[in-house]
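**Student:**
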Amino acid sequence: MQGLSVRVRGIVQGVGFRPFVYQLAERYGLTGWVRNTNTQVEIEVDGSEEGLKGFLHDLLDCTPPLARIDAVESERRPASGFTCFEIIESQLDAGWQSIPPDAATCEACLSELRDPGERRYGYPFTNCTHCGPRFTIIDSLPYDRDRTTMSCFPMCGDCRREYEDPRDRRFHAQPIACPACGPKLWLQMADGGLAQGDPIEACAALLKGGSIVAIKGLGGYQLACDATNPEAVARLRARKRRWGKPFALMVPDLEGAKQLCETTAAEINALLSRERPIVLLKQRPGTSVAQDVAPGIDTLGLMLPYTPLHHLLMRGFAGPLVMTSGNLSEEPIAIGNREAVERLSDVADAFLFHDRDIYARYDDSVVRALGGAIVPIRRARSYAPAPIHLPFTARRDILACGAQQKNTFCLVKESKAFLSQHIGELENLETLSHFESSLQAFRQLFRVDPRIIAHDMHPDYLSTRFAHDYPDPSVMRVVVQHHHAHVVSAMAEHGIAEPVIGVAYDGTGYGTDGAVWGGEILVADWSSFKRVGHLRYAPMPGGEAAIRKPYRMAAGYVWSLCAASEAEFEAFIATVPVGERIILRRQLETQLNTPLTSSCGRLFDAAAALLGVCREALYEGQPAVELEALADPQVDDMYPFDLLRDGDGWVVDPAATLRALWCDFRAGRSISRVAAAFHNTVAAFTLAVCRAVRDEHSLNRVVLSGGCFQNALLTQRLLEGLVAAEFEVVTHRLVPPNDGGLSLGQAVVAHALTAGD
Ligand SMILES: [Zn+2]
Ligand SMILES: [Zn+2]
Ligand SMILES: [Zn+2]
13 MQGLSVRVRG IVQGVGFRPF VYQLAERYGL TGWVRNTNTQ VEIEVDGSEE GLKGFLHDLL
73 DCTPPLARID AVESERRPAS GFTCFEIIES QLDAGWQSIP PDAATCEACL SELRDPGERR
133 YGYPFTNCTH CGPRFTIIDS LPYDRDRTTM SCFPMCGDCR REYEDPRDRR FHAQPIACPA
193 CGPKLWLQMA DGGLAQGDPI EACAALLKGG SIVAIKGLGG YQLACDATNP EAVARLRARK
253 RRWGKPFALM VPDLEGAKQL CETTAAEINA LLSRERPIVL LKQRPGTSVA QDVAPGIDTL
313 GLMLPYTPLH HLLMRGFAGP LVMTSGNLSE EPIAIGNREA VERLSDVADA FLFHDRDIYA
373 RYDDSVVRAL GGAIVPIRRA RSYAPAPIHL PFTARRDILA CGAQQKNTFC LVKESKAFLS
433 QHIGELENLE TLSHFESSLQ AFRQLFRVDP RIIAHDMHPD YLSTRFAHDY PDPSVMRVVV
493 QHHHAHVVSA MAEHGIAEPV IGVAYDGTGY GTDGAVWGGE ILVADWSSFK RVGHLRYAPM
553 PGGEAAIRKP YRMAAGYVWS LCAASEAEFE AFIATVPVGE RIILRRQLET QLNTPLTSSC
613 GRLFDAAAAL LGVCREALYE GQPAVELEAL ADPQVDDMYP FDLLRDGDGW VVDPAATLRA
673 LWCDFRAGRS ISRVAAAFHN TVAAFTLAVC RAVRDEHSLN RVVLSGGCFQ NALLTQRLLE
733 GLVAAEFEVV THRLVPPNDG GLSLGQAVVA HALTAGD
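Take any residue in the sequence shown, count from 1 to its spot, add 12: that is its number in the numbering used here.
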């Protein structure tokens, strides 16, 4: 007999780790104990040489599905003389504990759900230690039932037995529930009347009949309607006041997804993953989905059911459902029953309610295949707040407040970064209060007390003002330039600290010269950057108005960069609404309310507008999204561009590009060729600058970040070019390339700038 001590760290609590250890010990005939502490799982075992070896091997090799092991220490010692194996009492104080995010219903629970012989047959709140809600129902740590929104449901005898049996997969499953003791579901009509019969069947019938139903999901309400019913979809748009922006769909199963969209192996894996995100996929032509679900684009956002409630509903409905966040445009997702009635009664015809409260708002996450990898576009339910491991240990806690759009915040504690779920556009009081309450919850859950606060350079971002108004005068504030933060966010994900060539392409970011940046090539490390390349400045007549009306941006380009003659400007201005022509010209002449921008997003806007693709942008990035949808990826034509020297950096002048594009368009060339040639040109001039910078700075690693890299064609083209030129290329995997990932970069820059203090 010999003895073995093991310490396991990572996400090993709330995931069935102790029962797993218990069963392993039984299998290998070991005696001893296992227990949780705040920071780890501790194991002491006695057994034969062979038994201990097998135990240790399986411990690492067959871990429960939601567990994530970061570190294991094991040490041989003499046998202690244990007589049996037991799970002993936890040693938890008020410290911090790692638990997994919410996970989709597991196979075992799913088969119970479908088996008429099981006591949880058809029960919409079935879960176990391998699946179910976590962060959406936790109030504080340590993670146990009393501190979740399940505390008001006392367990019945059967559930209690499962909960206490280390051989059961519901051993210490905090949200455990059954029809006898758990949450209940009901369907209420908008007028307050209760629907008769089975609520899920009644809900499916309403949806079949073209109604809009607000469904209480995992991280908030979702609004559902029949995706094949154009009239229902149009009504949802009108009531939600959401124009143009595509709706996500839930389909019953993988087959349902394949009927609507083309899928690669990586995309199928993403659809089936236990995070169950919305996956942006290429739509097949001629499907039954209403045109208005995703107007003007060739992709659909699809997800598979991820709660028992969704599984039951999708089986009853048996077709694609629009499944979009339960809110009005630009507001946070609704979570409370009364809140849902208050906010959504003008939108929904009925409410599928239940009485398990949602503690925290989590939207559905969105991912897309970019350059062959699955990349988050919106990181929320089931991803956040899983920690991101940092390549350093911070001595003081850091809060990074994020950007204005697609806001997330980031808390750093020691070597972990906790990036919040997607908060949204920080433009109104509702979203700001979502930001503040989520921050409060995170600070409590992860025991973080920020001593350093990082924020963007933009003085008017609400996140910047929040940082300034932070009530603790002793915190140190650090300003981080937007595109520097983008580049560092991707570096940090990959543990890269050495200087890189950073390509940061997005819509808007405050520059050190006060201009609107967004087509930036930097030489950057964590603490500093040098702007070594950018797009030539173009005027944005009307400022914000130029973003909403892309033809204004095109007018700006034609006026200052590519007009060969007054006649050419006249020809373009003739395509602009009559009422705006005079003022546009005046703004360009006087530069009144006409900031300068080097934004790559705005260059895409201008190209789209010149081609008459998107007259008015109804949502952020719409012109670029539509331009990408039109581009034929088989085309490798390219337009000219100029690379100019400016001090010791480079300026890309796309005037020749836009002129050639416009000529082609007016000459009647196919728009799919022209759109593709434009994408190819952006990739080509970016590659050209990277080459020049490589020669001058002896750097070979290129980091791509910024919202423009949600464009799959641009990303693919640029990756191909960079790889062919033997660059090492780094792209996002864990956080979004858009402003949703910005707070991670801000936090790392703040750490680097204050590490010596
Ligand atoms: Zn399960
Ligand atoms: Zn029960
Ligand atoms: Zn940005």
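Cβ atoms here follow ideal geometry from the backbone N, Cα and C, with glycine treated the same way.
As the structure is a computational prediction, the values presented were derived from the model and not from experiment.
1. So, do the stretch 468–477 and the stretch 670–685 have three or more beta carbon pairs nearer to each other than 8 angstroms?
2. Thinking C-beta only, is ARG88 closer than 9 angstroms to LEU42?
3. Roughly how many angstroms separate the alpha carbons of PRO90 and VAL24, rounded to a whole number?
4. Let me check one thing: in DSSP terms, what residues is ASP238 bridge-paired to?
5. Going by other Cβ atoms of all chains shown within 10 Å of its Cβ, with 16 needed for buried, is VAL590 buried or exposed?
6. Straight-line CA distance for PRO397 to VAL334?
7. Compute the Euclidean distance between the alpha carbons of LEU726 and LEU153, then round it to the nearest angstrom.
8. Give the DSSP-derived three-state secondary structure of GLN103 in the structure shown.
9. Applying the criterion that 16 or more other CB atoms from any shown protein chain within 10 Å of the CB defines a buried residue, is HIS744 buried or exposed?
10. Only counting the same chain, and skipping five residues up and downstream in sequence, which positions put a Cβ closer than 6 angstroms to that of ARG614?
11. Does the beta-carbon distance from TYR517 to GLU532 come in below 9 angstroms?
12. Evaluate ILE100 with the Cβ neighbour count: other Cβ atoms within 10 Å of its Cβ, from every protein chain shown; 16 or more gives buried, anything less gives exposed.
13. May I have all residues whose beta carbon comes closer than 5 angstroms to any heavy atom of ligand 2, sorted in chain order?
14. Quick check: the stretch 741–761 against the stretch 444–463, are at least 3 beta-carbon pairs closer than 8 angstroms?
15. If you drop the 5 nearest sequence neighbours on each side, which residues of the same chain put their C-beta closer than 6 angstroms to that of ILE212?
16. Count the other CB atoms, across all protein chains shown, that sit within 10 Å of the CB of LEU206; report buried if there are 16 or more and exposed otherwise.
17. Checking the sheet assignment: what are the DSSP bridge partners for THR138?
18. Alpha carbon to alpha carbon, how far is TYR374 from LEU411? Give it in angstroms, no decimals.
19. From what residue to what residue does the alpha helix (DSSP H) around LYS220 run?
20. Taking its Cβ as the centre, do 16 or more other Cβ atoms sit within 10 Å of ASN692, making it buried, or is it exposed?
21. Does the Cβ of CYS140 have 16 or more other Cβ atoms within 10 Å, making it buried, or fewer, making it exposed?
22. Taking contact to mean at least 3 C-beta pairs separated by less than 8 angstroms, is the stretch 643–655 in contact with the stretch 572–581?
23. Label ARG355 either buried or exposed according to how many other C-beta atoms from any shown protein chain fall within 10 Å of its C-beta, with 16 as the threshold for buried.
24. Assuming the contact rule is C-beta atoms closer than 8 angstroms, MET315 and ALA260 should be a hit. Round their C-beta distance to whole Å, please.
25. Could you tell me the boundaries of the alpha helix (DSSP H) in which VAL33 lies?
26. Nearest by alpha-carbon distance to ASP468: which of ARG19, SER394 and CYS422 is it?
27. Assuming ALA226 contacts TYR233 (C-beta within less than 8 angstroms), just tell me the rounded distance between them.
28. Apart from the five residues on each side of it in sequence, which residues of its chain come closer than 8 angstroms, Cβ to Cβ, to ALA777?
29. Closer than 8 angstroms: is that where the CB of ALA79 sits relative to any heavy atom of ligand 1?
30. Counting along the chain, where does the beta strand (DSSP E) carrying TYR517 start and finish?
31. With contact counted as at least three CB pairs below 8 angstroms, one residue from each stretch, are the stretch 712–725 and the stretch 485–502 in contact?
32. Suppose you measure from the CA of GLY256 to the CA of PRO562; what does that come to, to the nearest Å?
33. Bridge partners for GLY194 per DSSP, in chain order?
34. If distances are taken between C-alpha atoms only, which option among VAL714, THR240, PRO553 and LEU730 comes closest to PHE739?
35. How would you label GLN271, buried or exposed, when you count the other beta carbons within 10 angstroms and need 16 or more for buried?
**Tutor:** By the coordinates alone:
1. no
2. On the sequence shown, position 30 is the one that residue 42 refers to. On the sequence shown, position 76 is the one that residue 88 refers to. Cβ distance not < 9 angstroms, so LEU42 and ARG88 don't count as in contact.
3. Working through the sequence shown from its first residue, we reach residue 90 at position 78. Working through the sequence shown from its first residue, we reach residue 24 at position 12. PRO90 and VAL24: Cα-Cα distance of roughly 26 angstroms.
4. Within the sequence shown, residue 238 is the residue found at index 226, counting from 1. Per DSSP, LEU333.
5. The count along the sequence shown starts at 1 and reaches residue 590 at position 578. Classification of VAL590: exposed, given that the 10 Å Cβ count is below 16.
6. As a first step, residue 397 is located in the sequence shown; it is residue number 385 there, counting from the start. As a first step, residue 334 is located in the sequence shown; it is residue number 322 there, counting from the start. Going by the C-alpha atoms only, they are around 26 angstroms apart.
7. Sequence index remark: in the sequence shown, residue 726 carries index 714 (1-based). Sequence index remark: in the sequence shown, residue 153 carries index 141 (1-based). Computed Cα separation, rounded: 44 angstroms.
8. Here residue 103 is taken as the residue at index 91 of the sequence shown, counted from 1. Strand.
9. Within the sequence shown, the letter at position 732 stands for residue 744. Under this definition HIS744 is a buried residue.
10. Residue numbering aside, residue 614 sits at position 602 when the sequence shown is read from its first letter. These residues qualify, in order along the chain: MET565.
11. By one-based count along the sequence shown, residue 517 stands at place 505. By one-based count along the sequence shown, residue 532 stands at place 520. Cβ distance < 9 angstroms, so TYR517 and GLU532 count as in contact.
12. The residue given as residue 100 occupies position 88 in the sequence shown. Exposed, because fewer than 16 other Cβ atoms sit within 10 Å of the Cβ of ILE100.
13. CYS168, CYS171, CYS190, ALA192 and CYS193
14. no
15. Position 200 of the sequence shown holds residue 212. LEU324, LEU325 and GLY328.
16. As a first step, residue 206 is located in the sequence shown; it is residue number 194 there, counting from the start. It counts as exposed.
17. Locating residue 138 in the sequence shown gives position 126, where the first residue counts as 1. Per DSSP, none; premise fails for THR138.
18. Within the sequence shown, residue 411 is the residue found at index 399, counting from 1. Within the sequence shown, residue 374 is the residue found at index 362, counting from 1. Approximately 20 angstroms between the Cα atoms of the pair.
19. The residue given as residue 220 occupies position 208 in the sequence shown. Start and end: 211–220.
20. As a position in the sequence shown, residue 692 is number 680, starting the count at 1. Buried is the call here.
21. Translated into the one-based positions of the sequence shown, residue 140 becomes position 128. Label assigned to CYS140: buried.
22. no
23. Residue numbering aside, residue 355 sits at position 343 when the sequence shown is read from its first letter. Counting Cβ neighbours within 10 Å, ARG355 comes out buried, since at least 16 surround it.
24. Position 303 of the sequence shown holds residue 315. Position 248 of the sequence shown holds residue 260. Indeed they touch by this definition, with Cβ atoms about 6 angstroms apart.
25. One-based indexing of the sequence shown puts residue 33 at position 21. Unbroken alpha helix (DSSP H) run through VAL33: 29–39.
26. For this step, residue 468 is matched to residue 456 along the sequence shown. Residue CYS422 is the option with its Cα nearest to ASP468.
27. Numbered from 1 along the sequence shown, position 214 holds the residue referred to as residue 226. Numbered from 1 along the sequence shown, position 221 holds the residue referred to as residue 233. Confirmed, about 5 angstroms.
28. Any question about residue 777 goes unanswered here, given that the chain covers just 13 to 769.
29. Taking the first residue of the sequence shown as 1, we reach residue 79 at position 67. ALA79 Cβ: outside cutoff for every heavy atom of ligand 1.
30. To locate residue 517, count along the sequence shown from 1; it is residue 505. Where TYR517 is concerned, the enclosing beta strand (DSSP E) stretches over 512–522.
31. yes
32. Against the sequence shown, residue 256 aligns to sequence position 244. Against the sequence shown, residue 562 aligns to sequence position 550. Roughly 15 angstroms separates the two Cα atoms.
33. Position 182 of the sequence shown, counting from 1, holds the residue named residue 194. GLY194 is not bridged to any residue.
34. What you label residue 739 is simply residue 727 of the sequence shown in a count that begins at 1. If we check each option's Cα against that of PHE739, VAL714 comes out closest.
35. Reading the sequence shown from its first residue, position 259 is the one you call residue 271. With fewer than 16 Cβ atoms within 10 Å of its Cβ, GLN271 is classed as exposed.
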